[in-house]
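Accompanying notes for the structure given below.
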Amino acid sequence: MLVVVVAFIATYTYAQEERSEKDLYNHWSIELNVGQNRPIRPFSSGYFTSKPNTYFYFNGIEHYDLGARYMFSNVFGLKADLGYDEIKNQAGSGSLDFNLKQYRLGIQGVINLSRLLRFESFTNRIGLLTHGGVQFSKLTPQIGVNQNVSEDNGGIILGLTPQYRLTNWLAITGDFTYLNNLRQHFNWDGSYSDDTNNLTGSIYNTSLGLTFYLGDKDKVHADWYVSKVSKVDEDARKRIAEIEKSMKDTDKDGVPDYLDLQNNTPAGIVVDTKGRFIDLNKNGIPDELEPEQPKKAEPIVENNDPFKTTLESGNLNINVFFDVNEDIPNKGSENNIHLLSQYLKNYPESKIKLTGFADVRGGEQHNMDLSKRRAIKLKNFLASTGVNENRMTISAEGVDTTYPSSSKTGLDLARRVSVQLMK
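Residue numbers (this note's numbering): 3 to 425.
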């Protein structure tokens with residue numbers, strides 16, 4: 003079942019991959035491993051491969067396997083392998099003598115954990131594969147009452163394979179594999195298993211080996227290929243970093259630095275969309291701070307209105323932003339709301355559309371409701387300043403996917419109401 007699932011995923015991935023992508027790396031490899039085995043159960047009383055409390059020992063080469071692998075992509079693949087184990091007591095272990103040979107065939111799915119865990123972010127030499135599937139084996143005792151009597155068996159096989167790449171065509175590997183036989187009637191010492199052992203057998207293999215990559219030696223194998231998708235992700239992270247830098251608002255006036263032409267306005271002073279305080283008499287003092295001003299100067303200048311120009315040109319989106327799970331605009335958006343209200347009052351023929359959005363956090367229905375409430379609250383606030391409600395329409399889009407959701411800035415930009423001037 004595991005092989006079928008992995009094969010389906012691998013085939014689907016392979017089918018979705020662009021031709022230009024899969025031709026950039028090699029797919030086939032040959033694997034050769036030698037090492038040791040450690041049978042776990044079952045054993046008859048008085049038999050064991052090593053001293054019972056010894057977990058690490060070396061008793062010569064007892065395990066060999068040879069495999070062929072094909073990678074459908076740089077993440078999923080399939081392999082077939084042949085294995086041989088000689089299972090016997092260790093010299094000086096205190097066990098009675100026994101000797102049993104096991105031959106097996108394995109069909110396994112392979113997953114390249116290196117790509118899933120993004121090893122390429124810190125190394126291009128170390129890799130890690132995991133494999134699992136079904137195996138078919140033949141057990142033959144070499145001494146004892148069942149000498150030369152063979153038993154066919156089968157079960158599952160699971161393993162983990164660390165890798166170190168030497169060249170584009172060769173890698174050193176280690177392998178840790180667990181094998182389980184179902185309906186195993188023999189003990190590992192060659193005698194018949196007691197019913198209390200549930201007719202199952204398990205064994206570990208630990209080995210070292212070499213993997214030979216086949217194909218064009220100028221190309222890297224799928225095990226080590228970093229896909230274009232990963233490179234795109236890296237570019238996206240760089241763009242997010244640039245956005246975070248450009249969205250910095252040094253003087254806290256609600257206008258990001260990259261748009262702010264006057265990046266040192268006093269706190270609380272009304273500014274236009276370019277971050278400049280209102281100074282109608284051109285004396286260098288914000289009008290609202292002038293002691294003899296009868297009233298605050300309006301931030302909209304009839305003959306030269308930058309907010310009107312921006313809104314009508316469509317070159318810059320006008321947005322009102324919100325904190326997490328809130329439907330009241332945050333403090334950084336107060337200036338935009340003020341300018342929007344003044345614009346609507348100064349140009350009574352204009353109409354706008356308010357479209358609410360939410361970030362990816364939360365359920366789909368919750369985000370749809372939240373984005374709608376944000377649009378409604380902004381409409382109600384503008385109406386409370388004297389703007390006719392009939393000049394404003396609202397809509398809700400739920401989650402905004404315009405910005406990547408992998409960073410705080412992307413999430414902050416998604417929580418908004420977008421203002422669109424209706425023709």
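The beta carbon of each residue, even a glycine, is placed where N, CA and C say it ideally should be.
Backbone CA spacing between His340 and Arg278 [nearest angstrom]: One C-alpha to the other measures close to 14 Å.
N-terminal and C-terminal residue of the alpha helix (DSSP H) that Phe383 is part of: Taken as a continuous stretch (DSSP letters only), the alpha helix (DSSP H) holding Phe383 covers 366-386.
Nearest candidate by alpha-carbon position, reference Glu399, set Asn369, Arg393, Leu413, Ser409: Checking every option, the nearest Cα to that of Glu399 belongs to Asn369.
Rounded C-beta distance between Asn101 and Val77? I'm assuming under 8 Å. 42 Å between Cβ atoms; not a contact.
Quick check on Glu351: does DSSP put it in helix, strand or coil? Glu351 falls in the coil class under three-state DSSP.
Is it true that the CB of Leu131 sits closer than 9 Å to the CB of Leu162? In contact: Leu162 and Leu131 (Cβ atoms closer than 9 Å).
If Asp67 sits next to Gly85, beta carbons under 8 Å apart, how far is it from one beta carbon to the other, in whole angstroms? Going by Cβ atoms, the distance from Asp67 to Gly85 rounds to 4 Å, so yes, they are a contact pair.
Helix, strand or coil for Ile280? Go by DSSP, reduced to three states. The answer is coil: DSSP assigns Ile280 none of H, G, I, E or B.
For Ala93 and His29, the rounded distance between their alpha carbons: Taking the straight line joining both Cα atoms gives about 43 Å.
Proximity winner among Ser46, Tyr227, Gly129, Gly358, relative to Asp25 (alpha-carbon distances): Between Asp25 and the set Ser46, Tyr227, Gly129, Gly358, the nearest pair of CA atoms involves Tyr227.
Inter-residue Cα distance where the pair is Val362 and Gln422: For the pair Val362 and Gln422, the Cα-to-Cα distance works out to about 23 Å.
Tell me whether Pro296 is buried or exposed, calling it buried when 16 or more other Cβ atoms sit within 10 Å of its Cβ. The predicted position of Pro296 is uncertain, since its pLDDT is 48 and thus under 50; a value taken from the coordinates is nonetheless stated next. Around the C-beta of Pro296, fewer than 16 other C-beta atoms lie within 10 Å, and the residue is accordingly described as exposed.
Arg71, enclosing beta strand (DSSP E) - first and last residue: Note, Arg71: beta strand (DSSP E), 65-73.
I need the DSSP call for Leu341, collapsed to helix, strand or coil. Residue state, collapsed to three classes: helix.
Same chain, Cβ closer than 8 Å to Asn1, neighbours up to 5 away in sequence not counted: Any property of residue 1 remains undetermined from this structure, which presents the chain solely from 3 to 425.
With DSSP as the reference, label Leu399 as helix, strand or coil. Note that residue 399 is Glu in the sequence shown, not Leu. Reduced to three states, the DSSP call for Glu399 is strand.
Burial state of Gly365, where buried means 16 or more other Cβ atoms lie within 10 Å: With fewer than 16 other Cβ atoms within 10 Å, it is exposed.
For Asp196 and Ser407, what's the separation of their Cα atoms in angstroms? Rounded to whole angstroms, Asp196 to Ser407 spans 58 Å at the Cα level.
Assuming contact is defined by CB atoms lying nearer than 9 Å, are Arg43 and Thr202 in contact in what I supplied? In this structure, Arg43 sits near Thr202, with a CB-CB distance shorter than 9 Å.
Which residues bound the alpha helix (DSSP H) around Arg127? For Arg127, there is no enclosing alpha helix (DSSP H), as DSSP marks it with neither H nor E.
Quick one: what's Trp190 bridged to in DSSP? Within the DSSP secondary-structure output, Trp190 pairs in no beta bridge.
Is the beta carbon of Ser335 sitting closer than 9 Å to the one on Gly256? Yes. Within cutoff.
Spatial neighbours of Glu88 within its chain, please: CB distance less than 6 Å, with the 5 preceding and 5 following residues excluded, ordered by chain position. Contacts found: Glu64, Lys103.
Taking the alpha-carbon of Val112 as reference, which of Ser75, Lys140, Val147 has the nearest alpha-carbon? Comparing Cα-Cα distances from Val112 to each of Ser75, Lys140, Val147, the minimum goes to Ser75.
Using 10 angstroms around the beta-carbon of Gly412, count the other beta-carbons present and answer buried if the total reaches 16, otherwise exposed. In summary, Gly412 is buried, with 16 or more beta-carbon neighbours lying within 10 Å of its beta-carbon over all protein chains present.
Less than 8 Å between the CB atoms is what I'm expecting for Asp177 and Ser204, so what's the real figure, rounded? About 17 Å separates the beta carbons of Asp177 and Ser204, which is beyond the 8 Å limit, so they are not a contact pair.
DSSP three-state label for Ser232, please. Annotation note: pLDDT 49 at Ser232 (below 50); position unreliable, coordinate value reported separately. Ser232 falls in the helix class under three-state DSSP.
Proximity of Ala82 and Ser31 at Cβ, strictly below 9 Å: Against a cut-off of 9 Å, the Cβ pair of Ser31 and Ala82 comes out as no contact.
Neighbour-count burial assignment, Phe121, 16 or more Cβ in a 10 Å radius: Looking at its Cβ environment, which holds 16 or more other Cβ atoms inside 10 Å, Phe121 is buried.
Range covered by the alpha helix (DSSP H) that runs through Asp414: Looking at the DSSP string, the run of the alpha helix (DSSP H) that includes Asp414 is 410-416.
Take the Cβ of Glu33 as the centre, count every other Cβ of all protein chains shown within 10 Å, and call the residue buried at 16 or more, exposed below. Classification of Glu33: buried, given that the 10 Å Cβ count is 16 or more.
Hey, out of Arg417, Gly62, Ile396, whose CA is closest to Thr404's CA? Cα-wise, what sits closest to Thr404 is Arg417.
Selection from Thr175, Asn148, Ala224 that minimises the alpha carbon distance to Gly192: Per the Cα distances, Asn148.
Measuring only the C-alpha atoms, how far is Asp251 from Thr267? About 11 Å.
For Phe45, which residues from the same chain have a beta carbon less than 8 Å from its beta carbon, with the 5 sequence-adjacent residues on both sides left out? For Phe45, where only same-chain residues beyond five positions count, the Cβ hits under 8 Å are Asn189, Trp190, Asp191.
Assigned secondary structure, Gly334 (DSSP; H/G/I helix, E/B strand, else coil): If DSSP states are grouped into helix, strand and coil, Gly334 belongs with the helices.
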